[in-house]
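Novice: Per full-length UniProt numbering, the very first residue in the sequence shown carries number 1; after that it's consecutive.
For each residue, glycine too, the CB sits at the ideal point set by N, CA and C.
Predicted model only: the values in this text are computed from it and were never measured.
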Amino acid sequence: TYASQAWGAGEYQSIGVFGQRTLVLLTCTVNVPLALLWINAEAILRSLGQAPDVSAQAGLYAQIRLPGQFAAAIVCVLQKLLVAIGETRALLVVNVVCSVATFALLFALIAGLGLGLEGAAIALSASDVLSAVLLIVAARRSTGCRKCWGGWTIACLREWPSFLRLALPSLLMVCCEEWSWDIVTFLAGLCTTANGGARVPQRRILAAQGWLSGILNVFYAFCYAIGRGTGTVVGNALGAMQPVRARLAALSGAGICSVTMCAVCGTLVASRGVWSLIIEDTPEAGSGDVGSGGDSTPSIGTVLAELVPYTAIFVWADGMQMALTGAITGAGAQAVTTPVLVLSYWVLGLPLGSVWAFLQPALGLLGVWLGMILAVYLHMLTYVSASRHKADAQVITGFALIIRARRAPCLQLGICFGRPCLPFGINWEAAAQDAQERVGSGQQAAPQPVGCTNSEPVVPSVVPLPQLVDE
């Protein structure tokens, strides 16, 4: 948010200060506590009831990944800055090189040297370090980055309260969603059935969940790219005092993502029968399960074929909310999304998924996924709503969170593209003014194209719905 808006406003030196401030915060508040957690991962997992062998391997994996975690903080900051200033070509080259290097390292360490899980951890940590080094080189060669870098400064330790007002909601927004998947993996390790049917070894349940997560990550990349691009364009436009351009960028991002996710879901559903053919698992000695070569228990491929359609249902809504979240991030309205995420995933999705998985109707891994599907659709539908206001026959549509108290106006917790919608939307002119205050710029609103005016009053506070409708 800060970087894209500062670039649009021409406050280039501020971007370097924002980057330094972010790196210091990540190191102090994320990497150090996470290092303590990962060092004790084995003991923590055992105390939570995970199998001893799974806990030992997970603990070893986490400890090997520690160096990569510190490098990932540098990667995170530089990636955000490069995207914010539009230097995506260098970022693409670095990502391609690192992807190829990661694949080569994984093949060499796992297949070549037979290091297994330890080899995977070493390869991924080395990839993170390589990515950090290459991004530093790319930033030093970038003309835009040189304009933004004024050297290390004590200013990065100042103005933390205003920075944290955006950073903390962003952190909570990401953590609420990402940690929910850690809980899903943990719950998968406790499941003994894939869909409430035949009993499946926990090893296969975890393997199937790993495949499903990998599939999700592959297709998530599409909507993630669209969301980040939307956030960058929206932030640049607001920093340049072009609210109409920001609104159109948000609407375009949502439309592009909707079409893309439809194609992705169609591909997933059409290919669901392929997994049982291409994935074979060898039963462990003395385990008693036969796997894909017999009929004792369902194989990993069979479990995947049953669950991939549900993954496709999840992917569409997840892609849409990602595009909308990009617009919210670009506008600096992250505080809006945190209550939505907590309600969707932690109050409803995960608890209900646990009930459906283990209690009633005991669907196993499918129950966990049904809980996540409920969460992501609630998450998306809080941004996408259409309703008819009783005092006006006009259908009011928009992307918004509907929270209504009895005999009270709705609360402003949503995003809207265009005219004021139910209940409220982002006032793009007010968001542009906020961006100027945030980056310390004094620009005036840029001339808007004829017929594309944004006539809502420039007020960031909540306005009752009837006033908006009367306008």
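Flag this pair as yes or no: are the beta carbons of Val368 and Val184 separated by less than 9 Å?
Specialist: Cβ distance < 9 Å, so Val368 and Val184 count as in contact.
Novice: Flag this pair as touching only if the segment 301–315 and the segment 254–267 have three or more C-beta atom pairs under 8 Å; answer yes or no.
Specialist: The segment 301–315, when compared against the segment 254–267, does touch it at the 8 Å Cβ threshold.
Novice: What's the C-alpha gap between Gly10 and Met241?
Specialist: Taking the straight line from one Cα to the other gives about 11 Å.
Novice: Applying the criterion that 16 or more other CB atoms from any shown protein chain within 10 Å of the CB defines a buried residue, is Trp38 buried or exposed?
Specialist: So Trp38 counts as buried.
Novice: Assess, as a yes-or-no matter, whether the segment 318–331 is touched by the segment 253–262 under the definition of 3 or more beta carbon pairs within less than 8 Å.
Specialist: Result yes; three or more Cβ-Cβ pairs closer than 8 Å.
Novice: Got a sec, what are the start and stop residues for the alpha helix (DSSP H) Phe358 sits in?
Specialist: Segment: none, Phe358 is in no alpha helix (DSSP H) and carries neither H nor E.
Novice: Within 10 Å of its beta-carbon, does Trp179 have 16 or more other beta-carbons around it, so buried, or fewer, so exposed?
Specialist: Flag for Trp179 reads exposed.
Novice: Given a threshold of 16 other Cβ atoms within 10 Å of its Cβ, counted over all protein chains shown, does Gly293 qualify as buried or as exposed?
Specialist: Here the model assigns Gly293 a pLDDT of 45, short of 50, so the residue's position is not dependable and the matter cannot be decided.
Novice: Smallest Cα separation from Ser4: which of Gln79, Val233, Gly49, Val100?
Specialist: Here the closest residue by C-alpha is Val233.
Novice: Pick helix, strand or coil for Gly293, following the three-state DSSP scheme.
Specialist: Residue confidence is low: Gly293 scores 45 on pLDDT, short of 50, so the model does not pin down where it sits. Its coordinate-derived value is still stated next. Helix.
Novice: Ordered along the chain, which non-local residues of its own chain (more than five positions away) have a Cβ less than 8 Å from that of Ala58?
Specialist: Ala41, Glu42, Leu45, Gln50.
Novice: If we require 4 or more residues per run, which alpha helix (DSSP H) segments fall completely within the segment 8–35?
Specialist: Complete alpha helix (DSSP H) runs here, min 4: 12–26.
Novice: DSSP puts Arg199 in a beta bridge; with which residues?
Specialist: Partner(s): Thr193.
Novice: Would Gly326 and Gly229 be called neighbours here (beta carbons separated by less than 9 Å)?
Specialist: A contact, by the Cβ cut-off of 9 Å.
Novice: Looking at Thr27: is its Cβ nearer than 9 Å to the Cβ of Ala73?
Specialist: Cβ distance < 9 Å, so Thr27 and Ala73 count as in contact.
Novice: If you run the structure through DSSP and keep just helix, strand and coil, what is Met241?
Specialist: In the structure shown, Met241 sits in coil (DSSP, three-state: anything other than H, G, I, E or B).
Novice: With a Cβ-Cβ cutoff of 9 Å, do Ile205 and Val303 count as a contact?
Specialist: Their beta carbons are under 9 Å apart, which means Ile205 touches Val303 by this criterion.
Novice: Helix, strand or coil, according to DSSP, for Arg404 in the structure here?
Specialist: Here Arg404 scores only 36 on pLDDT, less than 50, and its place in the model is too uncertain to base an answer on.
Novice: Cα-Cα, which of Gly210, Leu81, Leu307 is closest to Pro147?
Specialist: Checking the sequence, you will find Lys at residue 147 rather than Pro. Checked all of Gly210, Leu81, Leu307; the closest Cα to Lys147 is Leu81.
Novice: May I have the straight-line CA-CA distance separating Leu365 from Ala221, to the nearest angstrom?
Specialist: Leu365 and Ala221: Cα-Cα distance of roughly 24 Å.
Novice: Among residues of its own chain, excluding the 5 on either side of Cys156, which ones have a beta-carbon nearer than 7 Å to its beta-carbon?
Specialist: For Cys156, where only same-chain residues beyond five positions count, the Cβ hits under 7 Å are Val17, Gln20, Arg21, Val24.
Novice: Less than 6 Å between C-beta atoms, sequence neighbours within five positions excluded: which residues of the same chain meet that for Trp428?
Specialist: Within the same chain, Trp428 has close Cβ partners Pro243, Ala246, Arg247, Asn454.
Novice: Can the beta-carbon of Leu66 be found less than 9 Å from the beta-carbon of Ala90?
Specialist: No, the pair does not count as a contact, with Cβ atoms beyond the cut-off.
Novice: Kindly indicate which three-state DSSP category Asn236 falls into: helix, strand or coil?
Specialist: Helix.
Novice: Reducing DSSP to helix, strand and coil, say where Gly229 ends up.
Specialist: The answer is helix: DSSP assigns Gly229 an H, G or I state.
Novice: Apply the 10 Å Cβ neighbour rule to Arg140 and answer buried if 16 or more other Cβ atoms are within range, or exposed otherwise.
Specialist: Arg140 comes out exposed.
Novice: List the endpoints of the continuous alpha helix (DSSP H) containing Trp179.
Specialist: Trp179 -> alpha helix (DSSP H) spans 160–188.
Novice: Closer than 8 Å is the cut-off here; do at least three beta carbon pairs connect the segment 91–102 with the segment 128–136?
Specialist: A contact exists between the segment 91–102 and the segment 128–136.
Novice: Applying the 10 Å Cβ sphere with the 16-neighbour rule, what's the burial state of Ile226?
Specialist: Buried is the call here.
Novice: Along the alpha helix (DSSP H) that carries Ser99, what are the first and last residues, could you check?
Specialist: Residues 88–106.
Novice: Thinking Gly235 and Gly330 are a contact (beta carbons under 8 Å), I'd like their distance in whole angstroms, please.
Specialist: Gly235 to Gly330, Cβ: 4 Å. Contact.
Novice: Span of the alpha helix (DSSP H) holding Pro298?
Specialist: Unbroken run through Pro298: none, as it is neither H nor E.
Novice: Between Ala138 and Trp149, what straight-line distance do the alpha-carbon atoms span, to the nearest angstrom?
Specialist: Each residue's alpha carbon lies about 13 Å from the other.
Novice: Identify whether Gln79 lies in helix, strand or coil by the three-state DSSP scheme.
Specialist: Reduced to three states, the DSSP call for Gln79 is helix.
Novice: With H, G and I counted as helix, E and B as strand and the rest as coil, what does DSSP make of Trp149?
Specialist: Looking at Trp149 - three-state DSSP - the assignment turns out to be coil, as it is neither helix nor strand.
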